[in-house]
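The structure appears below as structure tokens.
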Ligand code: ADP
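Numbering (the numbering used here), first residue to last: 5 to 261.
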């Protein structure tokens, strides 16, 4: 496996060498992990690793992993730890992960968290957890109003980010569809799985000495939430403060530790 090289970043006249960050985006389904991952990837130029996207790509390809996972995703249940651990292990050994990674939707169980922390240690990554907190009733409204382009994958929201023409993708004109698991009964099942299996990881991380940063995931625009996440990561020394735009008012996204 490839060791993550320390990054050198110039800060004024100083050169700072920092270990590769492993930014763990944590929160319930619909808390905005995917949106934040894309914004952070754009600024930090490190890969976004989404186990949900990886599984959906296998399902679309119709391969063996896809066949094993399809029914579980459709019903809102988790796929096996062994399967996702192997997907992540293989992905983070690729060369583009040497400068750092953004994890979205992984880890989700205590087993996955243990495997991840071992991988982080073996590969010289420095992990930090960003906990995006959003009220569950808001989540259900967000997810039932979500539509996706089946061709390019772009996500829309019927309330906050509608397409220019109703029901049609702005980019390629395809008819938008709800994601398979965005029906209300399945959303409730995903929230239950989160409560039972994933939320307890917050204590696990704290006990393992991994910093956990709480962010209000509904108090500001996605761009301002991204700035507050970036401020927190910069104050921990995990990212270079010069790589993201910084003009948001400090009070807006409700950062607490
Ligand atoms: P969300 O966070 O909105 O539920 P994801 O795209 O992260 O969306 O996950 C969709 C589904 O993929 C999950 O409901 C689960 O079935 C499966 N999945 C994704 N990541 C994992 C994981 N780390 N462990 C087990 N199952 C996973």
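Note that beta-carbon positions come from the ideal geometry of N, C-alpha and C, so glycine has one too. Bear in mind the structure is a predicted one, so any value in this text is a computation, not a measurement.
Cα-Cα separation between residue 167 and residue 147, rounded to whole angstroms: The residue labelled residue 167 in the question sits at position 163 within the chain shown. The residue labelled residue 147 in the question sits at position 143 within the chain shown. Near 16 Å, if we compare the C-alpha coordinates of residue 147 and residue 167.
Extent of the continuous beta strand (DSSP E) to which residue 29 belongs: Here residue 29 refers to the residue found at position 25 when the chain shown is read from its first residue. Here the beta strand (DSSP E) through residue 29 covers 24–30.
Within the segment 119–182, ranges of the alpha helix (DSSP H) (whole runs, at least 4 residues): 140–148
Residue 2 CB to nearest heavy atom of the ligand ADP below 6 Å: Only positions 5 to 261 of the chain appear in the structure, and residue 2 is not among them; the question remains open.
Touch test, the segment 23–37 against the segment 57–75, Cβ-Cβ under 8 Å, three pairs minimum: no
Nearest-angstrom Cβ-Cβ length linking residue 96 and residue 115, presumed shorter than 8 Å: As a position in the chain shown, residue 96 is number 92, starting the count at 1. As a position in the chain shown, residue 115 is number 111, starting the count at 1. 17 Å between Cβ atoms; not a contact.
Closest residue to residue 152 among 132, 40, 185 and 130 (Cα-Cα distance): Position 148 of the chain shown, counted from the start, is the residue given in the question as residue 152. With distances taken between Cα atoms, residue 152 lies closest to 185.
Near the ligand ADP: residue 36 beta-carbon under 6 Å from a heavy atom: Here residue 36 refers to the residue found at position 32 of the chain shown. Checking every heavy atom of the ligand ADP against the Cβ of residue 36, none is found closer than 6 Å.
Residue 214 to residue 162 span [Cα, whole Å]: Working through the chain shown from its first residue, we reach residue 214 at position 210. Working through the chain shown from its first residue, we reach residue 162 at position 158. Looking at the two C-alpha atoms, the distance is approximately 37 Å.
As assigned by DSSP and simplified to three states, the class of residue 249: Here residue 249 is taken as the residue at index 245 of the chain shown, counted from 1. Coil, per DSSP.
Pairwise C-alpha distance: residue 158 and residue 145: Working through the chain shown from its first residue, we reach residue 145 at position 141. Working through the chain shown from its first residue, we reach residue 158 at position 154. If you take the alpha carbons of residue 145 and residue 158, they lie about 19 Å apart.
Limits of the alpha helix (DSSP H) - the one that residue 218 falls within: Here residue 218 refers to the residue found at position 214 of the chain shown. No alpha helix (DSSP H) contains residue 218, which is instead part of the beta strand (DSSP E) from 216–220.
Sufficient close CB pairs (3 or more, under 8 Å) joining the segment 134–141 to the segment 45–58: no
Residue of 183, 32 and 94 minimising C-alpha distance to residue 77: By 1-based counting over the chain shown, the position of residue 77 is 73. The shortest Cα separation from residue 77 among 183, 32 and 94 belongs to 183.
The ligand ADP heavy atom lying under 6 Å from the CB of residue 76: Position 72 of the chain shown holds residue 76. Because some heavy atom of the ligand ADP lies under 6 Å away, the Cβ of residue 76 counts as near it: yes.
Inter-residue Cα distance where the pair is residue 247 and residue 29: As a position in the chain shown, residue 247 is number 243, starting the count at 1. As a position in the chain shown, residue 29 is number 25, starting the count at 1. Using only the alpha carbons, I get a separation of about 19 Å.
Beta strand (DSSP E) segment containing residue 54, residue limits: Against the chain shown, residue 54 aligns to sequence position 50. Segment 52–54, the beta strand (DSSP E) holding residue 54.
Own chain partners of residue 243 with C-beta closer than 7 Å, once the 5 adjacent residues on each side are dropped: On the chain shown, residue 243 is found 239 positions in, with the first residue counted as 1. Within the same chain, residue 243 has close Cβ partners 25, 48, 234 and 237.
Residue 187 Cβ short of 6 Å to the ligand ADP heavy atom set: Taking the chain shown and counting its residues from 1, one reaches residue 187 at position 183. No, since every heavy atom of the ligand ADP falls outside the 6 Å radius drawn around the Cβ of residue 187.
Integer-rounded CB distance, given that residue 31 should sit under 8 Å from residue 54: Counting from one through the chain shown, the residue named residue 54 turns up at place 50. Counting from one through the chain shown, the residue named residue 31 turns up at place 27. Wrong, their Cβ atoms sit about 13 Å apart, outside the cutoff.
DSSP state of residue 241 mapped onto helix, strand, coil: The count along the chain shown starts at 1 and reaches residue 241 at position 237. Here residue 241 sits in coil by DSSP.
Residue 107 - DSSP class collapsed to helix/strand/coil: The count along the chain shown starts at 1 and reaches residue 107 at position 103. The answer is strand: DSSP assigns residue 107 an E or B state.
Element boundaries [alpha helix (DSSP H), containing residue 78]: Residue numbering aside, residue 78 sits at position 74 when the chain shown is read from its first letter. First-last of the alpha helix (DSSP H) with residue 78: 68–79.
Cβ-heavy atom distance, residue 118 to the ligand ADP, below 6 Å: The residue given as residue 118 occupies position 114 in the chain shown. No, the beta carbon of residue 118 sits no closer than 6 Å to any heavy atom of the ligand ADP.
Helix, strand or coil at residue 235 [DSSP, three-state]: For the purposes of this step, residue 235 is identified with residue 231 of the chain shown, where counting begins at 1. DSSP places residue 235 in helix when its eight states are reduced to three.
DSSP state of residue 97 mapped onto helix, strand, coil: Mapped onto the chain shown, residue 97 falls at position 93. Residue state, collapsed to three classes: coil.
The ligand ADP heavy atom lying under 6 Å from the CB of residue 59: Residue 59 sits at position 55 when you count from the first residue of the chain shown. Yes, the Cβ of residue 59 comes within 6 Å of a heavy atom of the ligand ADP.
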